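Chains as they are written, first to last, in our numbering: chain A, 514 to 845; chain B, 514 to 845; chain C, 514 to 845; chain D, 514 to 845.
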């Protein structure tokens, strides 16, 4: 499978490194506008053509698939051109800048029988696979809430706010591990340094009393990557910054009891062992790209296809609308 | 100063222990309905009268001040009776169940020239004093945000939701350390076990782009007590669960720079030393009660008076209204 | 069971509090030389006689057992007098200042058919009970090593060095959980502020290649209470400063493989899940004193009897001898 | 400066990567016996000659300096051949297998006017530089102790024990930051899986009551890299596993006071702020190799020269002797 890669900035080198070393794929050319990044690409990969001419990569007859690793606002035009030229597309998250763009790309790929994969890398980590397994197998029981904090002194993006930058990770994971789709969204936030919000909070209402919450922040002095997941039977903490023991499952919970007394409590606590399962130690992006090569070969749509990417964009679009109204409820 | 204490449940024993051992105060009687709690009080304080008759305490001519350490829904009636009987009142947080009650109590106390203190204990901790000092002295520069997480497998209350139970701590601290009052509130949440929300999230919009956020949860497998405070010049993390080093001040920040390039970033990071100031190691409740005795003696209103308590109740009432509408913006 | 308590300094109040509230025991009198401590005892326990006259307590005909909670160098004379007066003895760790004293007390107690219990409180904690269970049940497989770090900015003792102050905890636990007795000891250390060592390190050679090590330090800026226990099948970490998850069992290990290559490694790593068992949440001292009352009633020697205390003193005496020679091997 | 590199196993690739990208140096050839490692080198560096013939590299007239990145037992012969062929030598730690070998290499280099640098990489980290600065500038006051724990489930070496593998890091740092040389060594340890000790403890007596201690372990379930440094005025903790805040300086200490009372304490504690200085974020190995290139150019001996390497080997040799006698004192 021959790849062209557009964009060799922060994340592009990781995509090229994996595509270049995977069995079954190779990178023929890289399009990149920044001269310094071009130089880095040429030095690292003497055998790969590096060009500033994006259309050369998009139209090359030797190329089967295009990886679009550029800012969000360019995704639509680049992915559209790639599809129109008959190329499969691997596109950085978030999928597109708005819902309409995403729908058009999905439609185009369907008509052309091409694959779209949206780079929701976290779905291929050992942690998310283990969490998904726990939820599917019922270890946690009925889901109560999903609460993620993802803050750091962050890479400010100049075309999107902090929600569009950081929340796609959490939204794609929620979309993957929670049954059902969110019904409504409330988002709040504030910008301090330019026009885009650098601090934001997002609540999603799912069916059956499941509530999800995301806290994203580009102005935090410390890095936090912690997700709490509460269920009826057990509860889970995922701390992605732990070297080991990223996922911990707690045999803890509460049982409601009748209690007539005035000053006493309604609930009994249940507390038991904690268990931290070993996680797969593979590079998630490598797994994801290998899976993409497989999907192209077999003609199957990946589970993180354009539709998955679109569901995330829908939530982001709704969140932006809610945030612009300082937190009004927006139905999905 | 002679005290009567109403309520000897979870927090009451701490109030009695401090009032009994402080110079300048003593406890004459305790009213408590639960027989087991009565027995504990009698065993610990053979010299204090323990009774189930609340009115006996409220009307005793020897008593100067009443500490009301009971569930929220009882605060108004008890505090009102105390004031009507000419007693000063120390009342557990949150002050009252609604704004109207709080206003009536303040009015009554003013007319009777009596002191009300609302038990916002955290304001007397070494951590909050140090944080307040940092903000006042400009160490952090202009304030950007205040973000608190206060979750644990929690003491379910049967008369209030998790916001009314846990958020008063954060709201009273914000009220104390942030200049200006919040303009509007958005709150979201969900109940899973009974009619009261056990998970809730609250955003407060302050003037000048200051945003505050509170995450409270009775269903968390782990206890978290972390507050991030971001400013233009420095940022602060308060982790109240650390044995030492509860407060850390980071010489970190961002500087906006012009940047014309397509793929590059807009912001420069600034990173320097971290500094963890030593904190006073006194018991906060002891400090607070000692201050209350002083205020009664001097006839001065404490800074955590009924008005401070009322401001917190206003925010809680607005948050409840917002949460009941699944996150609509409520102006204060 | 009527108790007399000698010593109401740092630890004595905890002993009195438990003996006074346990069913089956009461405290009749407390001997304490320090007037301030006497005053505290009188205020807390109006019903208990407090005196500076130790012999009054030792000879009182109403008293069945004496708790000796005083500095080490006084243990022998006080315990001897108690036994000679026909009282059972609960004595603070370390048991005595030297082996000869310990042997005499054991001999005396045997002749008088009295019980001695040495206050090795840690043996009654949920953590040590769980660790002991893991080792007995073979969860860890054959034991390889036991390595404890117990450092803090510490309570300097003026009659003993840091080994005699802090190591008894670890030595009593090792004595309890490791099969067999140590064969030899090496200890090193240094004094910086007075004649007693404030930093010390101790290695114990047990049979079958088991090695134990203790790191104790009165001059550490941070408090550490961590024990690593390595076994053939699994390994365990006990961090006593964790609020929860004090004990973690790791399904980790190494397997030796033949390997002829020059630059390659000899050993395969094995890594699996981690498991943190829930621990009993009882106060260890309360459990221990309740057990002492039982032992007196039934006439059975406790497992933490004088012989257990003596084994710890033997290790300390050997360690002191080794340390005075800057680390020579001393056989036990 | 043209380099030959011998050994492309675990650490060699890092040396090659830096030498190849530094200004002022390039790698002409790599000698490596293992075919798989050869293949990796060829793929990564198509322009560098890769050979199994070590002597080809050692004798090449184009090569100015040789990096010896092989097991310890090969260092002497390889470095000797390099020096005899007129090449400067960069050699992996520990310098040699014994003192005699080290002395011969130093002598040979002196006679040939060639530079030897021993790869004590840690001396070039931001953390060690900052610690050294604190000690030199007197921030900590008179040094009391240096205590390092360096344990993990470790890379077993088949030619050396855990002391020779892990302790050189700490010994080279001590040699760098502590004034004066150690007078005597005591080491204890145990082997469990083959003939080499996998758990070991080492005490070093320095002049003026300074004591140092190293705890190394290949069989620990958790990785620990923590050093405590105590001084008269302040104390320091270096946790190398922290992402940020690796070095913390505590304004803590003790003051001796006269105290005549029997049960009371001798020492007052002093506690103040903690301060975590920002550290340089450069790759230590890169700094070190750049410095080596400078030293060769200027003809100056590096501070981590053969003599520095030899001092570490002397401590290791003495420790091995002590450990073989189960902890006897060995003078240096």
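No residue lacks a Cβ here, since even glycine has one placed at the ideal position from N, Cα and C.
Note that the structure is predicted; figures quoted are calculated from it, not measured.
Pick from 540(D), 833(D), 666(D) and 766(D) that is closest to residue 655(D), judged by C-alpha positions: Taking the first residue of the fourth chain as 1, we reach residue 655(D) at position 142. Checked all of 540(D), 833(D), 666(D) and 766(D); the closest Cα to residue 655(D) is 766(D).
Going along the chain, which residues of its own chain have a beta-carbon closer than 7 Å to the beta-carbon of residue 586(A), five neighbours each way excluded? Here the question's residue 586(A) lines up with position 73 in the first chain. Excluding positions up to five away in sequence, the list reads 610 and 672.
Since residue 734(D) and residue 718(D) are thought to touch, with beta carbons under 8 Å apart, how far apart are those beta carbons, to the nearest angstrom? Residue 734(D) sits at position 221 when you count from the first residue of the fourth chain. Residue 718(D) sits at position 205 when you count from the first residue of the fourth chain. Actually they do not touch by this definition, with Cβ atoms about 31 Å apart.
Give the residues from the segment 779 to 793 of chain C that approach chain A closer than 9 Å (Cβ to any Cβ), ordered along the chain. 784, 785, 786, 787, 788, 789, 790 and 791
Pair within 9 Å by beta-carbon distance, residue 762(D) and residue 731(D): Against the fourth chain, residue 762(D) aligns to sequence position 249. Against the fourth chain, residue 731(D) aligns to sequence position 218. Taking 9 Å as the Cβ cut-off, residue 762(D) and residue 731(D) do not qualify as a contacting pair.
Taking the alpha carbon of residue 599(A) as the point to measure from, which residue in 584(A), 628(A), 664(A) and 699(A) has its own alpha carbon closest? Within the first chain, residue 599(A) is the residue found at index 86, counting from 1. Considering only alpha carbons, the answer is 628(A).
In whole angstroms, what is the alpha-carbon distance linking residue 665(C) and residue 740(C)? Start at 1 with the first residue of the third chain, and residue 665(C) comes out as number 152. Start at 1 with the first residue of the third chain, and residue 740(C) comes out as number 227. For residue 665(C) and residue 740(C), the distance between alpha carbons rounds to 15 Å.
Determine the burial state of residue 817(B): buried for a count of at least 16 other Cβ atoms within 10 Å of its Cβ, exposed for fewer. On the second chain, position 304 is the one that residue 817(B) refers to. Residue 817(B) comes out buried.
I'd like to confirm the pairing. Which residues does DSSP put opposite residue 752(C) in its beta bridges? On the third chain, position 239 is the one that residue 752(C) refers to. Looking at the DSSP assignment, residue 752(C) forms a beta bridge with 739(C).
The segment 743 to 763 of chain C in contact with the segment 685 to 701 of chain D per 3-pair CB rule at 8 Å: no
List the residues of chain B whose Cβ lies closer than 9 Å to the Cβ of residue 758(D), in chain order. For the purposes of this step, residue 758(D) is identified with residue 245 of the fourth chain, where counting begins at 1. The answer, in chain order, is 761 and 787.
Can you tell which of 527(B), 549(B), 706(B) and 552(B) has the C-alpha that lies nearest to the C-alpha of residue 540(B)? Translated into positions along the second chain, residue 540(B) becomes position 27. Ranking the options by Cα distance to residue 540(B), first place goes to 527(B).
Based on Cα-Cα distance, which residue from 838(C), 837(C) and 824(C) lies nearest to residue 845(C)? What you label residue 845(C) is simply residue 332 of the third chain in a count that begins at 1. The residue with the shortest Cα to Cα distance from residue 845(C) is 824(C).
Quick one: what's got a C-beta closer than 6 Å to residue 725(C)'s C-beta in the same chain, skipping five residues either side? As a position in the third chain, residue 725(C) is number 212, starting the count at 1. The beta carbon of residue 725(C) sits closer than 6 Å to those of 659, 687 and 717, all from its chain and outside the five residues before and after it, given in chain order.
Burial state of residue 841(D) (16 or more Cβ within 10 Å): The residue labelled residue 841(D) in the question sits at position 328 within the fourth chain. Residue environment for residue 841(D): buried (at least 16 other C-beta atoms within 10 angstroms of its C-beta).
Would you say residue 518(A) and residue 592(A) are within 9 Å of each other, going by their C-beta atoms? Sequence index remark: in the first chain, residue 518(A) carries index 5 (1-based). Sequence index remark: in the first chain, residue 592(A) carries index 79 (1-based). Not in contact: residue 518(A) and residue 592(A) (Cβ atoms no closer than 9 Å).
Confirm, please, whether the CB-CB distance from residue 545(D) to residue 564(D) is below 9 Å. For the purposes of this step, residue 564(D) is taken as the residue at position 51 of the fourth chain. For the purposes of this step, residue 545(D) is taken as the residue at position 32 of the fourth chain. For residue 564(D) and residue 545(D), yes; Cβs fall inside 9 Å.
Rounded to the nearest angstrom, what separates residue 834(A) and residue 721(A) at their Cα positions? Residue 834(A) sits at position 321 when you count from the first residue of the first chain. Residue 721(A) sits at position 208 when you count from the first residue of the first chain. About 24 Å.
Look at the alpha carbon of residue 566(C) and the alpha carbon of residue 589(C), and state the distance between them as a whole number of angstroms. Residue mapping note: residue 566(C) aligns to position 53 of the third chain, counting from 1. Residue mapping note: residue 589(C) aligns to position 76 of the third chain, counting from 1. Cα to Cα, residue 566(C) sits roughly 17 Å from residue 589(C).
Please state whether DSSP places residue 707(C) in a helix, a strand or coil. If you number the third chain from 1, residue 707(C) lands on position 194. Here residue 707(C) sits in coil by DSSP.
If the cut is a Cβ gap below 7 Å, which residues of chain B does residue 765(A) touch? Residue numbering aside, residue 765(A) sits at position 252 when the first chain is read from its first letter. Against chain B, the beta carbon of residue 765(A) has neighbours under 7 Å at 666 and 734, listed in chain order.
Sequence-distant residues of its chain with Cβ nearer than 6 Å to residue 699(B) (five each side left out): As a first step, residue 699(B) must be located in the second chain, where it is residue number 186. These residues qualify, in order along the chain: 716, 835, 840 and 842.
Residue 608(A) lies in the alpha helix (DSSP H); which residues open and close that run? As a working note, residue 608(A) is residue 95 in the first chain. Per DSSP, residue 608(A) belongs to no alpha helix (DSSP H) and is neither H nor E.
Report the three-state DSSP secondary structure of residue 840(A) (helix, strand or coil). As a first step, residue 840(A) is located in the first chain; it is residue number 327 there, counting from the start. Looking at residue 840(A) - three-state DSSP - the assignment turns out to be coil, as it is neither helix nor strand.
Range covered by the beta strand (DSSP E) that runs through residue 713(B): Mapped onto the second chain, residue 713(B) falls at position 200. Run containing residue 713(B): 712 to 718, per the beta strand (DSSP E) assignment.
Could you check the C-alpha separation between residue 458(D) and residue 584(D) for me, to the nearest Å? Lying outside 514 to 845, the shown extent of chain D, residue 458(D) is not represented and no answer is given.
I need the boundaries of the beta strand (DSSP E) containing residue 628(D), first residue and last residue. Within the fourth chain, the letter at position 115 stands for residue 628(D). Run containing residue 628(D): none; DSSP gives neither H nor E here.
Could you check the C-alpha separation between residue 534(C) and residue 802(C) for me, to the nearest Å? Taking the first residue of the third chain as position 1, residue 534(C) is located at position 21. Taking the first residue of the third chain as position 1, residue 802(C) is located at position 289. Each residue's Cα considered, the two are about 11 Å apart.
Tell me, please, which residues DSSP counts as bridged to residue 763(C). Numbered from its first residue, the third chain carries residue 763(C) at position 250. DSSP lists 748(C) and 787(C) as partners of residue 763(C).
From residue 642(D) to residue 795(D), what does the alpha carbon distance come to, in whole angstroms? Taking the fourth chain and counting its residues from 1, the one referred to as residue 642(D) is at position 129. Taking the fourth chain and counting its residues from 1, the one referred to as residue 795(D) is at position 282. Approximately 12 Å between the Cα atoms of the pair.
In three-state terms, what does DSSP make of residue 521(D)? Counting from one through the fourth chain, the residue named residue 521(D) turns up at place 8. In the structure shown, residue 521(D) sits in coil (DSSP, three-state: anything other than H, G, I, E or B).
I need the straight-line Cα distance from residue 807(B) to residue 632(B), nearest angstrom please. On the second chain, residue 807(B) is found 294 positions in, with the first residue counted as 1. On the second chain, residue 632(B) is found 119 positions in, with the first residue counted as 1. Looking at the two C-alpha atoms, the distance is approximately 15 Å.
Counted within 10 angstroms of its Cβ, other Cβ atoms place residue 758(A) as buried (16 or more) or exposed: If you number the first chain from 1, residue 758(A) lands on position 245. So residue 758(A) counts as buried.
Among 707(B), 713(B), 652(B) and 559(B), which has the Cα closest to the Cα of residue 680(B)? Numbered from 1 along the second chain, position 167 holds the residue referred to as residue 680(B). Nearest C-alpha to residue 680(B): 713(B).
Please decide whether residue 559(D) counts as near chain A, where near means a Cβ-Cβ distance under 9 Å. Sequence index remark: in the fourth chain, residue 559(D) carries index 46 (1-based). Yes, because at least one Cβ of chain A sits closer than 9 Å to the Cβ of residue 559(D).
Closest by CA to residue 648(A), which one among 561(A), 749(A) and 606(A)? By one-based count along the first chain, residue 648(A) stands at place 135. Considering only alpha carbons, the answer is 749(A).
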